[in-house]
Every structure is written in C-alpha cells, then in structure tokens.
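Working notes for the structure below.
Numbering (the working numbering), first residue to last: 5 to 319.
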C-alpha cells in the first residue's frame with residue numbers, strides 16, 4: 005500500500021533535516037508522527053519515526069542529567085486518572101488554580117514568572133484523582149526550552165486566561181494560535197477564565213463569548229473558589245476516560261479503587277489491564293451499570309461505560 009505522504013509531512017521532514025539541536029529534531033519528529041497518514045502503508049515508517057524519537061529523547065535525557073546531575077525537570081510522571089497541563093500567560097493565576105484544586109504548594113505571587121519548572125498536584129474528583137501540572141508561563145516569544153514535551157505528553161490541556169485583564173481576548177487567541185501551530189489542539193482542551201472576582205471580568209467575558217463563541221469559556225475565581233466545583237467534573241471528562249470497578253464473584257464490588265480506561269474500551273481491554281493473562285483465560289463477564297439489567301452476562305467486546313461494575317470469570 006502506498007504511503008501517500010502529505011505536504012505537511014514533507015514540511016516537517018524538511019524541518020527535521022534543517023534542525024540543529026536535539027530539541028528541534030524531537031519537535032520535528034513529533035510533528036511528522038502527528039501528521040503522517042495512519043494506515044497499513046505507513047506502519048513501518050511510523051515505527052521507524054518512533055524509534056528515532058525514542059533514541060533522541062534518551063540522548064536528551066542523558067545530556068540533561070550530565071548538566072544538572074538529576075532527572076529532566078520537564079518530565080512529569082503521569083499519576084492518577086490522567087494528566088491535565090495548565091497553559092497560559094504570566095499572572096493568569098495558573099499557580100493559584102493548582103493550589104485551590106490540589107494540595108500542591110505552588111509559589112503564588114503578583115509578579116510574573118514565579119513558576120520555573122512544571123509542578124504537579126492531585127485534584128480529587130469523586131473517587132478519582134486527576135494530576136494537574138502547572139507550567140512556566142507562555143509568552144509571545146514561545147515557551148521555555150523543554151516545555152513542549154510537557155505539553156505533548158498531556159492527556160488534556162487547560163488554557164488559562166486572566167479574564168480581568170484588558171488583553172484577555174488577545175491572551176486567548178495567542179494561546180490557541182500557538183497550540184494550533186504545534187498541532188496540540190488535537191488534544192482535548194478547556195479554556196478557563198480565571199479572576200472572575202475582578203470588576204471588569206463579567207463584561208470581558210461577555211465580549212469574548214460574543215467574539216469567540218467556540219470554544220466554551222469556563223469562568224472561575226481561584227482566589228474566591230467560585231466555579232471550582234463545577235470545573236472538577238469538566239477536567240475529568242476532558243481526559244476521555246472511564247472508571248470501571250472490579251468485582252470478585254460472590255463478593256461486593258470495590259468502589260474505592262477504579263480502573264481507568266479510555267472511553268470506548270471493552271471487557272477485553274479491562275481484562276488486559278488487570279492481568280496480561282486474563283484475555284486468553286476470560287470465559288465471560290457480568291455487568292452492573294450500563295447493561296440492560298443488573299448482573300447481565302455480556303460478550304468480550306462489550307463496550308463499557310463510566311462507573312460500570314464488572315465481574316470477570318476466568319479459567
């Protein structure tokens with residue numbers, strides 16, 4: 005099958021050839037992977053790009069370790085249900101949001117650039133924990149070296165604007181333009197209008213909603229806590245995952261420790277997540293929640309829903 009590579013792919017390939025730094029090469033390879041047509045004819049090329057990308061990342065990590073004597077500060081190990089990364093201009097209140105939504109002790113100040121490296125905290129939502137990552141501020145000149153990998157690794161992006169500022173519309177458009185150019189708007193994202201406690205915030209929000217009806221703007225105030233409880237479920241849903249609870253035959257379901265799966269996952273996917281041998285040993289499953297009746301026996305390809313309880317029967 006022919007590869008049928010696109011002009012966007014060839015442009016990224018030229019950027020890779022012209023790259024002079026490891027970070028530029030990594031970004032070009034990521035772009036090539038993002039725009040390459042996904043079909044059987046490009047499978048070998050995709051695998052080759054991934055191998056080259058992995059090798060460059062290892063080289064980059066080794067260089068950083070040799071310089072800093074430690075791990076890469078821009079690599080944030082994913083924890084909990086998923087990872088949502090905050091992105092925005094200086095003084096939009098990203099650190100204040102992290103502090104208000106998690107137990108992280110981010111440095112909050114009225115002057116810009118108080119966040120130098122990513123800082124993670126865990127946001128509770130029902131029985132789930134979502135990892136939120138604060139990042140150094142974005143400016144019209146771009147992002148600090150190393151931050152692109154933090155953004156690309158995220159499950160979802162939270163674009164934060166200062167809705168009380170006179171340039172709040174410009175903040176939003178500049179952020180979205182940058183993310184679009186980097187092909188990061190293919191990820192789920194939310195726009196959070198912080199500082200709704202500012203006197204100009206309501207009128208600014210009305211103007212932005214009129215001029216930019218898409219995307220949806222979520223108004224909050226990290227300082228006063230306004231809108232934060234409504235924000236939590238929206239952040240969770242942006243991850244595109246479901247919670248599934250396991251049940252041992254003859255025992256109550258454990259509703260405290262869900263399995264996190266991508267939306268659209270099946271019973272077989274759950275079996276694989278529990279144990280690598282379970283898919284081959286799976287006889288059948290019973291479902292409480294999305295099934296037509298409680299405890300219904302379902303096939304291996306049954307698509308699970310959020311908060312389903314699943315009882316697997318294996319040999």
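C-beta: ideal position from N, C-alpha, C; glycine also. All of these numbers come straight from a predicted model, not from anything done at the bench.
From residue i to residue j, what distance separates their C-alpha atoms?
| i | j | result |
| --- | --- | --- |
| residue 169 | residue 204 | 8 Å |
| residue 96 | residue 226 | 10 Å |
| residue 201 | residue 194 | 20 Å |
| residue 320 | residue 311 | Because the chain spans 5 through 319 in this model, residue 320 falls outside it and cannot be assessed. |
| residue 115 | residue 184 | Confidence at residue 115 is low in this model, with a pLDDT of 48, below 50, so the placement of that residue should be treated as unreliable; the coordinate-derived value is given next. If you take the alpha carbons of residue 115 and residue 184, they lie about 28 Å apart. |
| residue 59 | residue 171 | 42 Å |
| residue 268 | residue 173 | 36 Å |
| residue 198 | residue 158 | 21 Å |
| residue 7 | residue 42 | 9 Å |
| residue 19 | residue 94 | 29 Å |
| residue 223 | residue 235 | 9 Å |
| residue 305 | residue 284 | 13 Å |
| residue 303 | residue 259 | 23 Å |
| residue 252 | residue 128 | 26 Å |
| residue 39 | residue 51 | 14 Å |
| residue 34 | residue 219 | 25 Å |
| residue 83 | residue 90 | 16 Å |
| residue 315 | residue 243 | 25 Å |
| residue 179 | residue 62 | 29 Å |
| residue 55 | residue 49 | 10 Å |
| residue 45 | residue 98 | 43 Å |
| residue 189 | residue 92 | 14 Å |
| residue 207 | residue 241 | 28 Å |
| residue 150 | residue 47 | 28 Å |
| residue 286 | residue 132 | 27 Å |
| residue 250 | residue 57 | 37 Å |
| residue 24 | residue 121 | 24 Å |
| residue 255 | residue 215 | 55 Å |
| residue 17 | residue 276 | 36 Å |
| residue 192 | residue 53 | 24 Å |
| residue 213 | residue 297 | 43 Å |
Starting from the Cα of residue i, find the closest Cα among the options and give me that residue.
| i | options | result |
| --- | --- | --- |
| residue 102 | 258, 239, 298 and 315 | 239 |
| residue 280 | 294, 62, 160 and 318 | 318 |
| residue 1 | 277, 284 and 272 | What is shown of the chain runs 5 to 319, which leaves residue 1 out entirely. |
| residue 143 | 209, 182 and 131 | 182 |
| residue 237 | 209, 130, 196 and 186 | 130 |
| residue 9 | 32, 79 and 37 | 37 |
| residue 262 | 255, 254 and 274 | 274 |
| residue 12 | 47, 48, 187 and 125 | 187 |
| residue 107 | 177, 80 and 138 | 138 |
| residue 140 | 132, 77, 177 and 126 | 77 |
| residue 211 | 250, 254, 296 and 167 | 167 |
| residue 217 | 191, 241 and 176 | 176 |
| residue 309 | 248, 24, 147 and 16 | 248 |
| residue 257 | 299, 24 and 122 | 299 |
Which residue or residues does DSSP assign as beta-bridge partners of residue i?
| i | result |
| --- | --- |
| residue 301 | 290 |
| residue 135 | 87 and 126 |
| residue 315 | 290 |
| residue 222 | 196 |
| residue 307 | 270 |
| residue 92 | 164 |
| residue 230 | 225 |
| residue 146 | 143 |
Could you give the C-beta distance for residue i and residue j, rounded to a whole number, given that I count them as a contact under 8 Å?
| i | j | result |
| --- | --- | --- |
| residue 134 | residue 85 | 5 Å |
| residue 246 | residue 265 | 6 Å |
| residue 270 | residue 313 | Actually they are not in contact, since the Cβ atoms of residue 270 and residue 313 sit about 15 Å apart, beyond 8 Å. |
| residue 321 | residue 161 | In this structure the chain extends from 5 to 319, so residue 321 is not present and cannot be described. |
| residue 88 | residue 136 | 6 Å |
| residue 104 | residue 229 | 6 Å |
| residue 26 | residue 64 | 5 Å |
| residue 28 | residue 152 | About 10 Å; that fails the 8 Å criterion. |
| residue 282 | residue 301 | Wrong, their Cβ atoms sit about 17 Å apart, outside the cutoff. |
| residue 80 | residue 22 | Contact doesn't hold; Cβ gap of about 29 Å is too wide. |
| residue 196 | residue 209 | Going by Cβ atoms, the distance from residue 196 to residue 209 rounds to 12 Å, so no, they are not a contact pair. |
*In chain order, each beta strand (DSSP E) run of at least 3 residues that lies wholly inside the segment 156-211*: Runs found: 160-166 and 193-198.
*Would you list, in sequence order, the uninterrupted beta strand (DSSP E) runs of no fewer than 3 residues that lie entirely inside the segment 241-275?*
Restricting attention to beta strand (DSSP E) runs no shorter than 3 residues, the segment 241-275 encloses them at 245-250 and 263-266, ordered along the chain.
*Would you mind listing the beta strand (DSSP E) stretches within the segment 17-44 that are 3+ residues and don't spill past its ends, in chain order?*
List check, beta strand (DSSP E) in window: nothing returned.
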